[in-house]
Amino acid sequence: MKTAIAKLAVSAATYHIDKPYTYLIPDEMSDKIEPGMRVTVPFGRGNRKCEAFVLATGEADRENELKAIEYILDEEPVLEMWQLKLAMWIGARFFCTVYEAARAMLPVGMWYKDGKRNVGDKTELFAQLDIPGDEALTIAGTIKKRAPGKAAILRLMAEIGGAWVSEITYFTGVGKQSVTRLAGDGYIKLIRKEVFRRPEINASKNGKISALNSEQQSVLNGLIKQYSSGATAALLYGITGSGKTSVYIKLIEHVLSSGRDAIVLVPEISLTPQLMSIFAANFGDNIAVLHSMLGIGERYDEWKRIKRGDVHVVVGTRSAVFAPVKNLGLIILDEEQEATYKSESSPRYHAREVAKYRCAHSGAMLLMGSATPSVESMYNALCGKYTLYRLTQRFNSASLPEVMTVDMKEELRSGNGGDISRRLAREIAMNIQNGRQTILFLNRRGANSLVTCKSCGYTFTCDRCSVSLTYHRANGRMMCHYCGYSRPAEDTCPQCGSTLNYLGSGTQKVEEELHELFPEATVIRMDADTVSAAKSHEKILQEFKNKKADILLGTQMVTKGLDFENVTLVGVLSADRSLYVNDYRARERTFSMITQVVGRAGRGNKPGRALIQTFTPDNPVISLAARQDYDAFYSDEIILRQAMHMPPFSTLFTVTAFGITEADVMRACARVKAAMAGYLSGEDIKILGPAPALVTKINNRFRYRITVLGADTKKLRDTISHVVKVASRDKTCRGVAVYADLDPVDL
Ligand code: ADP
Ligand code: ZN
Ligand code: ZN
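Residue numbers (our numbering): 213 to 959.
Shown next, in the form of structure tokens:
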């Protein structure tokens with residue numbers, strides 16, 4: 213006898229036991245259940261109740277005993293067929309379970325309940341006139357004396373026909389009971405309607421793009437032509453200030469007019485308030501935004517507006533790549549080199565890869581844009597995999613800033629131990645005098661403001677994580693940036709007893725130095741401590757924009773997307789800090805960072821200048837960034853990559869083991885390596901490690917890592933997946949967890 217069954221991706225199935233599980237569909241559910249719905253099932257020996265996605269339904273012989281599905285959680289599928297397929301592809305590609313991948317495509321609001329209701333089901337009362345308008349006016353006239361409130365409502369309703377009850381009470385000043393009574397009289401009817409919570413975006417007043425300049429126009433023409441030829445990929449390499457955004461907007465307009473939808477991905481929403489308002493100015497209500505700064509309800513509602521086909525442009529961060537637009541025509545990845553496009557927790561996908569998959573499967577175009585494209589993308593473009601477009605001029609022929617470097621070694625030698633060189637101080641003073649504004653960027657990547665004893669070299673480190681503690685002036689404590697541990701700052705060195713001075717160069721210290729140098733100047737500081745929500749970030753920028761401050765001092769946040777006319781000077785403090793990190797992308801990242809921040813200067817009609825402070829002015833990465841010479845940087849870098857067999861000449865995988873006991877973790881890693889070497893002997897691959905991860909200990913867990921470099925073959929991927937699964941079952945390494953990753957951000 214045949215019986216109805218479903219294949220499920222089960223939440224409780226961990227990576228090493230993940231597969232489609234078969235469950236019985238009870239008779240009463242047989243006509244309700246569909247792929248893409250969520251259900252609950254008993255799982256494992258204890259029959260723990262857990263959630264699952266239905267991947268497929270079918271029939272099977274009733275041979276062995278099957279467990280049955282318990283409940284259906286959705287009235288209709290929340291995932292479509294293409295999303296289920298994509299989830300399976302992500303599972304295989306990025307070494308995660310299909311459930312994890314599927315869940316990442318949906319707004320979290322689907323899992324959270326607010327009282328009895330789902331977070332998303334927000335409803336309000338809507339009132340509609342149920343009698344002809346002139347009749348309502350007549351009645352209003354007759355009851356005017358007796359019930360002036362009801363009369364006022366009827367007059368309003370006669371005029372507008374329908375309104376939210378909250379609006380009616382607001383505009384008439386009459387209480388809600390009057391509305392209810394009018395409904396009881398049969399004059400109006402009340403309908404409970406769903407309302408969408410919408411995030412607020414301030415449309416920029418002059419953000420509407422009217423015409424392109426000739427270089428932008430010819431790029432647009434090329435892109436439009438390419439768009440009509442189906443699934444393709446393009447790289448737009450345009451210098452800072454060349455107006456990539458304008459090209460995006462015109463291209464999206466074209467895509468919309470062809471009846472299709474567009475998704476625009478940005479690295480981090482808080483970094484791009486200006487971009488958002490320009491999009492709002494051009495597309496109004498036709499956009500939905502998806503990012504982590506939204507409330508759960510807002511995110512869920514934006515997602516629903518997209519799913520229902522109410523909007524055709526989606527702007528968002530990484531996970532917006534999953535936006536369920538109906539008819540995908542274009543995905544744009546702005547600043548495609550940014551590390552934020554890679555997820556660092558499971559599912560560890562890269563938005564660029566997912567975008568490629570989606571475009572290929574829906575005949576859509578992928579457009580990647582950047583002033584400093586990733587080495588991989590430029591390589592693909594030069595090989596002809598992507599079509600390359602260039603914007604070489606700043607809009608309105610504004611010139612690129614003049615860049616100077618300052619050797620901080622000399623500064624030290626001549627007795628200036630501060631963070632601001634004498635040259636930079638002079639330039640800032642001049643700017644203040646002329647009423648111009650300055651942006652100072654403090655590169656914090658790769659180093660912290662350590663607390664070190666100058667006599668004996670003692671440093672304070674976190675007991676749980678293998679990192680140095682950072683001193684925070686605001687609370688007078690030393691803090692760990694990984695686990696949040698903190699302790700009060702000490703006056704003397706616990707090792708030798710000498711007096712400690714807190715010399716780190718955090719933004720706070722630079723701020724103090726600026727106050728000493730320029731007591732009259734206003735300084736706005738922008739870093740993780742001063743920015744807590746999207747709002748406050750926007751407020752800070754708004755304040756700066758309204759010329760309330762002479763100097764904007766900040767970390768990574770000030771490098772991108774800012775476009776202020778009055779900024780004519782940019783200073784890069786400690787430019788080389790990020791250069792000496794042990795990561796094959798360190799050069800690329802440093803180059804990109806300096807180029808981006810230098811590009812913030814001179815965007816209006818006043819020429820800009822930039823000053824790079826470095827201890828290694830002769831390092832080619834620094835000098836090329838100073839010249840804003842991406843092409844030269846790329847040609848140097850690609851040779852290095854080839855010599856080292858690094859991406860794009862190979863694909864880099866890692867297998868990471870972590871656990872409480874260091875010896876167990878190392879042993880697990882060694883076993884993984886041995887197994888892998890066995891399976892892959894004779895293949896042209898390199899297996900490196902085991903080596904401690906960049907931060908070896910986080911929250912008392914040691915992390916060790918194997919790195920595998922080789923051609924991206926199915927055999928290699930299957931082998932990695934297999935050894936991870938075996939290692940997770942290994943009884944001799946209990947307490948050690950193992951996972952694999954594809955090209956992680958932090959090596
Ligand atoms: P990019 O993102 O390439 O660094 P932007 O898109 O920020 O450059 O553009 C730089 C400046 O030039 C912005 O102030 C933008 O408003 C302006 N701009 C660029 N193209 C146009 C255009 N076609 N019409 C009007 N203003 C433009
Ligand atoms: Zn000491
Ligand atoms: Zn810690």
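A virtual CB, placed ideally from N, CA and C, is assigned to each residue, including glycine.
| Query | Result |
| --- | --- |
| Considering only heavy atoms of ligand 1, does any lie closer than 7 angstroms to the CB of F607? | yes |
| Per DSSP, G509 forms a beta bridge with which residues? | Answer is none; G509 lacks a bridge partner. |
| Assuming S531 and A316 make a contact with CB atoms under 8 angstroms, what is their CB distance in whole Å? | 6 angstroms |
| Less than 8 angstroms between the beta carbons of G922 and T828, yes or no? | no |
| Write down every uninterrupted run of the beta strand (DSSP E) in the region 888-950 whose length is 3 residues or greater and which is fully enclosed by it, in chain order. | 898-910, 913-922 |
| In angstroms with no decimal places, state the Cα-to-Cα distance between S940 and I872. | 15 angstroms |
| Would you kindly work out how many angstroms separate the C-alpha atoms of M805 and G453, rounded to a whole number? | 15 angstroms |
| Out of curiosity, what's the CA-to-CA distance linking S835 and R879? | 44 angstroms |
| Which of helix, strand or coil does DSSP assign to H503? | coil |
| Would you say A551 touches ligand 1, meaning its beta carbon is less than 7 angstroms from a heavy atom? | no |
| So the alpha helix (DSSP H) E728 belongs to, where does it begin and stop? | 719-729 |
| With hydrogens ignored, establish whether the beta-carbon of I651 is closer than 7 angstroms to any heavy atom of ligand 1. | no |
| Can you tell me whether DSSP reads A952 as helix, strand or coil? | strand |
| Taking 6 angstroms as the limit between beta carbons, can you name the residues of its chain near D326, skipping five residues before and five after? | Note that D326 scores 46 on pLDDT, short of 50, meaning its location in the model is unreliable; the coordinates nonetheless yield the value given after this. Answer for D326: no residue qualifies. |
| Rounded to whole angstroms, what is the Cα-Cα separation between S416 and W376? | 28 angstroms |
| Buried or exposed, going by whether 16 or more other CB atoms sit within 10 Å of the CB of V320? | exposed |
| For S470, collect the residues of the same chain with a Cβ closer than 7 angstroms to its Cβ; drop the 5 residues on either side in sequence, then sort them by chain order. | G541 |
| For G709, name the three-state secondary structure that DSSP assigns. | coil |
| So, are the CB atoms of K462 and I421 less than 8 angstroms apart? | yes |
| Could you give the C-beta distance for T234 and K244, rounded to a whole number, given that I count them as a contact under 8 angstroms? | About 18 angstroms; that fails the 8 angstroms criterion. |
| Any chance the CB of L612 is under 7 angstroms from a heavy atom of ligand 4? | Ligand 4 is absent from the structure shown, which contains only ligand 1, ligand 2 and ligand 3. |
| Using CA atoms only, rank isn't needed, just tell me which of P860, K554, I217 is closest to E271. | I217 |
| Have a look at P860 and T866 and give me their C-alpha separation to the nearest angstrom. | 16 angstroms |
| For P238, collect the residues of the same chain with a Cβ closer than 8 angstroms to its Cβ; drop the 5 residues on either side in sequence, then sort them by chain order. | A280, I281 |
| Let me check understanding here. Comparing Cα to Cα, which of Q605, R606, K568 lies closest to S589? | K568 |
| Please classify G541: does DSSP put it in a helix, a strand, or coil? | strand |
| Give the single residue among S390, P479, I229, H466 whose Cα lies nearest to the Cα of D546. | P479 |
| With a threshold of 7 angstroms, establish whether the CB of K437 neighbours any heavy atom of ligand 1. | no |
| In the DSSP assignment, the alpha helix (DSSP H) including F845 goes from what residue to what residue? | 842-856 |
| Nearest to L636 by alpha carbon, out of G627, V618, Q649, S626? | V618 |
| As an exercise, report each continuous alpha helix (DSSP H) stretch of at least 4 residues that is fully enclosed by the region 351-432, in chain order. | 360-372, 377-384, 388-397 |
| Among K456, D843, G434, E288, whose alpha-carbon lies nearest the alpha-carbon of T599? | G434 |
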